[in-house]
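This report concerns only the one structure given below.
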Amino acid sequence: MADITIHDEDLRKLRGKVIVVTGGSSGTGLATVELLLGLGAAVVSGDAQPPPAPQVIYPSEGSAAFFTYVPTDIRVWGDLVQLFRRAVKVHGRVDHVFASAGFPSLDDCFSSLSLDADGELKEPSHAVLDVNLKGTINTAAMAIHHMQTQDPQGGSVVLNSSITSPQRSDGVAHAVSQHGILGFSRGLRSSLSATALPIRVNVLMLGKISDKVVSGTAVARGAAHLMADITRHGHVVYVDNGQYREIEEAVILPAYRSVIGESESDDDAL
Numbered sequence: 145m146a147d148i149t150i151h152d153e154d155l156r157k158l159r160g161k162v163i164v165v166t167g168g169s170s171g172t173g174l175a176t177v178e179l180l181l182g183l184g185a186a187v188v189s190g191d192a193q194p195p196p197a198p199q200v201i202y203p204s205e206g207s208a209a210f211f212t213y214v215p216t217d218i219r220v221w222g223d224l225v226q227l228f229r230r231a232v233k234v235h236g237r238v239d240h241v242f243a244s245a246g247f248p249s250l251d252d253c254f255s256s257l258s259l260d261a262d263g264e265l266k267e268p269s270h271a272v273l274d275v276n277l278k279g280t281i282n283t284a285a286m287a288i289h290h291m292q293t294q295d296p297q298g299g300s301v302v303l304n305s306s307i308t309s310p311q312r313s314d315g316v317a318h319a320v321s322q323h324g325i326l327g328f329s330r331g332l333r334s335s336l337s338a339t340a341l342p343i344r345v346n347v348l349m350l351g352k353i354s355d356k357v358v359s360g361t362a363v364a365r366g367a368a369h370l371m372a373d374i375t376r377h378g379h380v381v382y383v384d385n386g387q388y389r390e391i392e393e394a395v396i397l398p399a400y401r402s403v404i405g406e407s408e409s410d411d412d413a414l
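According to our numbering, the sequence shown is numbered sequentially starting from 145.
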């Protein structure tokens, strides 16, 4: 894998930018909100749960003025409409979006199939897919809409995923949702490139990390880096204990090309 070094001076490019974060009340979403506020960005956080006490998320005096919380269930389209509408109303535009909200359950919906009162099979639960995949897709759609209709156009979308994406894993719904996010990002990259819109899309893959504090900080810095680095589009970055490794260009594409050989449509195929 190709290691990525994140320099603090690079992240300072986010000062004054308007950033929408879903899942911003806990975990990696909260860590990202804290980091962004510390960098001087304006953050609009959407989460089903309210944020923690102000002293937790406001790193310095005056930063409260740059933080807005909007109750948001990313499964509900109307909630996403209100989230982005608030961002535009308060700050005038949306520069970056971090789709961090997700449901981490590894429950295997196929191992718990059950029958109803009439002895018929109940439909498997789609709760995890509704949050992780549908919610992420809808968040990206809302982001792109605003970024292509504002003046000037442009921005970036960072999708939060996990190392489950390119490998086998336990938990059917979780595996499908994470593979789906990776596939969605690849298709979205091609779509945005074809339209020549100045909008970037990248994916963060979180490895298995026991230290939740380190995990949140690492993902937050990775997300901020992908927002600030205007040269990155269509990249997949693996985050593990503060180490950042780019795996799409360094591992996946070379492996793919070693099998089928070079062709003009390689990038489009992925």
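All residues carry an ideal CB built from backbone N, CA and C; glycine is no exception.
Could you give the distance in angstroms between the alpha-carbon of residue i and the alpha-carbon of residue j?
i    : j    : result
R333 : G378 : 6 Å
S300 : G405 : 31 Å
D384 : L350 : 6 Å
A271 : G167 : 16 Å
D260 : V316 : 22 Å
P398 : V381 : 16 Å
L370 : S258 : 43 Å
A197 : V165 : 18 Å
T212 : A362 : 23 Å
A303 : I150 : It is Leu, not Ala, that sits at residue 303 in the sequence shown. Their backbone Cα atoms lie some 18 Å apart in a straight line.
R156 : I281 : 28 Å
S244 : M291 : 18 Å
N346 : S329 : 7 Å
L158 : G184 : 7 Å
G171 : T216 : 16 Å
L181 : L265 : 49 Å
Y388 : S306 : 13 Å
R230 : V162 : 12 Å
D274 : T293 : 27 Å
P195 : V241 : 18 Å
For residue i, count the other beta carbons within 10 Å of its own beta carbon; 16 or more makes it buried, fewer makes it exposed. Which is it?
i    : result
A368 : buried
H318 : buried
I374 : exposed
N276 : buried
H235 : buried
K356 : The pLDDT assigned to K356 is 49, lower than 50, so where the model puts this residue is not dependable; a value taken from the coordinates is nonetheless given after this. Label assigned to K356: exposed.
E153 : exposed
V403 : exposed
Q297 : exposed
G246 : buried
L348 : buried
D191 : buried
G173 : buried
E267 : exposed
Q193 : exposed
S335 : exposed
Note the first and the last residue of the continuous alpha helix (DSSP H) segment covering residue i.
i    : result
H289 : T280 to T293
S329 : V316 to T339
H240 : Run containing H240: none in the alpha helix (DSSP H); it sits in the beta strand (DSSP E), H240 to A243.
T176 : G171 to G182
V233 : Inspection of the sequence shows that residue 233 is occupied by Lys rather than by Val. Here the alpha helix (DSSP H) through K233 covers W221 to H235.
D97  : Coverage of the chain is limited to positions 145 through 414, which leaves residue 97 absent and any answer about it impossible.
Name the DSSP beta bridge partners of residue i, please?
i    : result
F211 : V187
D147 : R389
M349 : S305 and Y382
V165 : S189 and F242
L265 : L259
R344 : S300
So the beta strand (DSSP E) residue i belongs to, where does it begin and stop?
i    : result
V302 : G299 to S306
| field | Contact between the stretch 221 to 235 and the stretch 283 to 297 (3+ Cβ pairs under 8 Å) | value | yes
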